[in-house]
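For the sequence shown, the numbering used here gives the first residue as 3, with consecutive numbering after it. Take a look at the structure below.
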Amino acid sequence: MSSDAYDYEALGLVAGLEIHQQLDTETKLFCESPTELREPEESDRTISRFLHPTKSELGELDDAALEESRVDREFEYLAYDSTCLVEEDDEPPTEVDGEALSVAMQIASLLDMEIVDQLHVMRKLVIDGSNTSGFQRSMLLGQEGEIQTSEGPVSIVDLLLEEESAQRVEEYDGGVRYSLDRLGIPLVEIGTGPDIRSPEQAKEAAKRIGMLLRSTGKVKRGLGTIRQDVNVSIEEGARVEIKGVQALDQIDEIVRLEVGRQSELVDIAEELQARDASVGETQDVTNVFEDTDSGVIGGALGDGGKVTAVPLFGFDGLVGREIQPDRRLGTELSDHAKRNGAGGIFHTDELPAYGVTDEEVAALRDAVGAGEEDAVAIVAADAETADLAIEAVAERAETAIEGVPEETRDATDEGTTRYLRPLPGAARMYPETDVPPVEPDPSEIDEPELLTEKVERYQDEFDLDSGLAEQVAYGRRMPLFEEAVARGIDPTFAASVLESTVTELRRDDVPVENIADAHFLAVFDLVADDELAKEGVNDVLTVLAEQPDLTAEEAIEEAGLGGVDDQEVREIIAGVVERNADQVAEEGMGAFSGLMGECMAELRGKADGDTVSDVLREEIGKRS
Numbered sequence: 003m004s005s006d007a008y009d010y011e012a013l014g015l016v017a018g019l020e021i022h023q024q025l026d027t028e029t030k031l032f033c034e035s036p037t038e039l040r041e042p043e044e045s046d047r048t049i050s051r052f053l054h055p056t057k058s059e060l061g062e063l064d065d066a067a068l069e070e071s072r073v074d075r076e077f078e079y080l081a082y083d084s085t086c087l088v089e090e091d092d093e094p095p096t097e098v099d100g101e102a103l104s105v106a107m108q109i110a111s112l113l114d115m116e117i118v119d120q121l122h123v124m125r126k127l128v129i130d131g132s133n134t135s136g137f138q139r140s141m142l143l144g145q146e147g148e149i150q151t152s153e154g155p156v157s158i159v160d161l162l163l164e165e166e167s168a169q170r171v172e173e174y175d176g177g178v179r180y181s182l183d184r185l186g187i188p189l190v191e192i193g194t195g196p197d198i199r200s201p202e203q204a205k206e207a208a209k210r211i212g213m214l215l216r217s218t219g220k221v222k223r224g225l226g227t228i229r230q231d232v233n234v235s236i237e238e239g240a241r242v243e244i245k246g247v248q249a250l251d252q253i254d255e256i257v258r259l260e261v262g263r264q265s266e267l268v269d270i271a272e273e274l275q276a277r278d279a280s281v282g283e284t285q286d287v288t289n290v291f292e293d294t295d296s297g298v299i300g301g302a303l304g305d306g307g308k309v310t311a312v313p314l315f316g317f318d319g320l321v322g323r324e325i326q327p328d329r330r331l332g333t334e335l336s337d338h339a340k341r342n343g344a345g346g347i348f349h350t351d352e353l354p355a356y357g358v359t360d361e362e363v364a365a366l367r368d369a370v371g372a373g374e375e376d377a378v379a380i381v382a383a384d385a386e387t388a389d390l391a392i393e394a395v396a397e398r399a400e401t402a403i404e405g406v407p408e409e410t411r412d413a414t415d416e417g418t419t420r421y422l423r424p425l426p427g428a429a430r431m432y433p434e435t436d437v438p439p440v441e442p443d444p445s446e447i448d449e450p451e452l453l454t455e456k457v458e459r460y461q462d463e464f465d466l467d468s469g470l471a472e473q474v475a476y477g478r479r480m481p482l483f484e485e486a487v488a489r490g491i492d493p494t495f496a497a498s499v500l501e502s503t504v505t506e507l508r509r510d511d512v513p514v515e516n517i518a519d520a521h522f523l524a525v526f527d528l529v530a531d532d533e534l535a536k537e538g539v540n541d542v543l544t545v546l547a548e549q550p551d552l553t554a555e556e557a558i559e560e561a562g563l564g565g566v567d568d569q570e571v572r573e574i575i576a577g578v579v580e581r582n583a584d585q586v587a588e589e590g591m592g593a594f595s596g597l598m599g600e601c602m603a604e605l606r607g608k609a610d611g612d613t614v615s616d617v618l619r620e621e622i623g624k625r626s
């Protein structure tokens, strides 16, 4: 069924959002390290860890952490000259960063939330390697807020201030490599209530929250700095948490496709129950494939591995059934095998194929006692992995008979999702004893101007057109624009450079991300002081992007735009007019447009366009 054909009200769609946004503070949440990202090549040392789950105060183990621990992996961390001992987990954290707390309270205020009387830092168990300590520090800051959407209000249940995790760099044989530059950057997590009833409302709510966050002017921008998790369920399905949605425009499609996945899984479960389906015992079927021509299976056996299988009684035709675009029930089983170290699975709904013959499929069915109405799934890997993976496949097949499992899933670029881990439980949280409680003071908070209000003000106060006003207000350089205008820079000029010029340079592959705010302000000042023509701004910014260690004055010299006085400008323009004397004599002032372009090209941004225009008109007037 097309996702557009779903009746979300009839299906009982319930959705909620968790928005994770990095704060743009000077230092990290619990130490004095800067919050700037580094290149892995800049690392000057590495740290290794092996992590394992610990029990909560009630003696319980979290299911998600327990599953993660089944995969024996080393975690290596890239450290830098800016990495502190807290990030390395070699000393206790310091007090909560005051700037981060202030920004988080601003956000809580914008969300109409009640700020708690006292913040208590908690440890959230995380053993996927993204924290050197094996936990993430988090604290509840606000509760009971609300935002408005066109489909009704959406409650904001809580706002947490917490540490960002380490950034995954790469996987290697037997381990995962992380970078410590991101670990500890202040992060707010905003959770909505289960009030969202359509994909469109989910997207609208996320946009509204995003606008409020950016209104502070103190949140980081760019890929990876904001992540949306989406919780989705339908009445006959189950709550599923979809992690890591980075593109806001993808939220509605992810909700639609998850509704479709759960609907298909419900239908499959009903069919399996009608067939009285069951999952058999896992078995070693290596002997079936001793002489196989399958490259995958042969490769595993050649390395001393084995082939394990599980009979799926009554599953024939359903393992290959599509539940999302290019994803089937068999893909779900394969996700669980991969989670336990295998490359994936083969199943009889897709065999014979991949070098597996009809004869081998028949022998496989005989080996596990599967008939024509049954399916068989197999895993080929080293002995330990094959056993773990096929057990995971069998467990997932069992839940397919029951319906939709509660779980955490990972968003893909296509808007589909894949299995990540079980839903976390309360056992993953316990108090942090190294940081004293904090008593926030909401009276110190000034609520910032909303971006929607800025757009209107920029039009009224600065006479920007609506499109440019919105670009600047919602752009990542909005605080820089306001600083430039505050020091007397023409608003239209500043806005055009920060939005249009930067976009133009980026399209020309100029590394504009290297241009610091101080560079822009210096260039603006030089233009205001008539030391740089507006026409030379592109060239100077290009030089600064490619050589960011230069000053703006040095970039002018590097671009060849310095040292031209008014007399030299006049001489250059007079020379252009002289070379085109016949045209001037014939056309008079009609030659102005063509000669203006020639003059600007020859001056290459060394003179302001208004000045060139005035002098050119004078020189043409002398000869006509």
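Ideal placement from N, C-alpha and C gives every residue a C-beta, glycine not left out.
Given residue i as reference, the closest of the options once Cα atoms are compared
{"i": "E604", "options": "D527, V457, K624, G562", "result": "G562"}
{"i": "D389", "options": "T435, V156, L482, V287", "result": "V287"}
{"i": "P438", "options": "E11, E76, P95, F77", "result": "P95"}
{"i": "E237", "options": "E153, Y10, E292", "result": "Y10"}
{"i": "N516", "options": "I21, L552, A530, T37", "result": "L552"}
{"i": "V159", "options": "L19, P433, D91, A302", "result": "L19"}
{"i": "D532", "options": "T613, E600, L112", "result": "T613"}
{"i": "A666", "options": "T387, P354, A391, E386", "result": "Nothing can be reported for residue 666, as the shown portion of the chain is limited to 3 through 626."}
{"i": "E334", "options": "R619, E397, R125, C601", "result": "E397"}
{"i": "G176", "options": "F522, E78, V123", "result": "E78"}
{"i": "I149", "options": "K209, L103, E97", "result": "K209"}
{"i": "E501", "options": "K222, V474, V156", "result": "V474"}
{"i": "P76", "options": "S132, T410, E374", "result": "Checking the sequence shown, residue 76 turns out to be Glu, not Pro. For the residues S132, T410, E374, the minimum Cα distance to E76 belongs to S132."}
{"i": "I117", "options": "G144, D318, A399", "result": "G144"}
{"i": "G367", "options": "P450, G282, I325, G307", "result": "According to the sequence as given, residue 367 is Arg; it is not Gly. When each option's Cα is compared against that of R367, the closest is G282."}
{"i": "L142", "options": "L127, M115, R323, I574", "result": "M115"}
{"i": "L31", "options": "A587, Q138, V156, G246", "result": "Q138"}
{"i": "L39", "options": "S84, C33, I558", "result": "S84"}
{"i": "P481", "options": "G219, Y82, V529", "result": "G219"}
{"i": "K126", "options": "V512, D351, T435", "result": "T435"}
{"i": "G14", "options": "A249, D462, R258, E588", "result": "R258"}
{"i": "F52", "options": "V98, V123, G136, M124", "result": "G136"}
{"i": "G154", "options": "S280, V88, D197", "result": "D197"}
Cβ distance (whole Å) where residue i is taken to contact residue j below 8 Å
{"i": "A365", "j": "V290", "result": "5 Å"}
{"i": "G405", "j": "A271", "result": "4 Å"}
{"i": "A379", "j": "V312", "result": "5 Å"}
{"i": "V627", "j": "L162", "result": "Residue 627 cannot be examined here, being either before or after the span of the chain that is shown, 3 to 626."}
{"i": "E537", "j": "M602", "result": "6 Å"}
{"i": "A609", "j": "A554", "result": "At roughly 18 Å, the Cβ-Cβ gap does not stay under 8 Å, so A609 and A554 are not in contact."}
{"i": "V627", "j": "E560", "result": "In the structure displayed, the chain extends from 3 to 626; residue 627 sits before or after that span and is not available."}
{"i": "V571", "j": "V617", "result": "6 Å"}
{"i": "R241", "j": "E400", "result": "Not really, about 19 Å apart at Cβ, beyond 8 Å."}
{"i": "R615", "j": "M598", "result": "Reading the sequence as shown, one finds Ser at residue 615 and not Arg. Confirmed, about 7 Å."}
Proximity of residue i and residue j at Cβ, strictly below 9 Å
{"i": "G239", "j": "V268", "result": "yes"}
{"i": "Y476", "j": "R216", "result": "yes"}
{"i": "R479", "j": "D527", "result": "no"}
{"i": "I21", "j": "I192", "result": "yes"}
{"i": "T134", "j": "L103", "result": "no"}
{"i": "Y8", "j": "G357", "result": "no"}
{"i": "R411", "j": "I244", "result": "yes"}
{"i": "A547", "j": "V499", "result": "no"}
{"i": "Q285", "j": "V381", "result": "no"}
{"i": "A207", "j": "V247", "result": "no"}
{"i": "S140", "j": "C86", "result": "no"}
{"i": "V696", "j": "A496", "result": "The structure shown does not extend to residue 696, since the chain spans only 3 to 626, so no value can be given for it."}
{"i": "R393", "j": "Q120", "result": "A small correction: the amino acid at residue 393 is Glu; Arg does not occupy that position in the sequence shown. In this structure, Q120 does not lie closer than 9 Å to E393 by Cβ."}
{"i": "G316", "j": "E361", "result": "no"}
{"i": "L466", "j": "T494", "result": "yes"}
{"i": "P201", "j": "A413", "result": "no"}
{"i": "G332", "j": "G319", "result": "no"}
**Prompt:** Going along the chain, which unbroken runs of the alpha helix (DSSP H) with 4 or more residues stay wholly within the region 493-568?
**Reply:** Correct list: 493-498, 504-509, 519-530, 539-548, 554-560.
**Prompt:** Do the region 14-31 and the region 215-235 make contact, defined as three or more Cβ pairs closer than 8 Å?
**Reply:** Judged by pairs of C-beta atoms under 8 Å, the region 14-31 touches the region 215-235, as three or more such pairs exist.
**Message:** Could you check whether the region 235-252 touches the region 292-305, counting it as contact only if at least three pairs of C-beta atoms, one from each stretch, sit closer than 8 Å?
**Reply:** Touching, no, given that fewer than three Cβ pairs across the two stretches are closer than 8 Å.
**Prompt:** Hey, is the region 44-52 in contact with the region 107-121, meaning 3+ C-beta pairs nearer than 8 Å?
**Reply:** Here the region 44-52 does not lie against the region 107-121, with fewer than 3 beta-carbon pairs under 8 Å apart.
**Request:** Count the CB pairs spanning the region 340-349 and the region 253-260 that are closer than 8 Å, and state whether there are at least three.
**Result:** Touching, no.
**Item:** Contiguous alpha helix (DSSP H) assignments of at least 4 residues, all confined to the region 260-329
**Value:** Here the runs fully enclosed are 297-304.
**4 or more residues per run - each alpha helix (DSSP H) lying fully within the region 449-487** = You should have 453-464, 468-476.
**Request:** Run through the region 123-174 for me and flag every whole beta strand (DSSP E) of 3 or more residues, listed as ranges in chain order.
**Result:** Fully enclosed beta strand (DSSP E) runs of 3 or longer: 123-127, 137-151, 154-165, 169-174.
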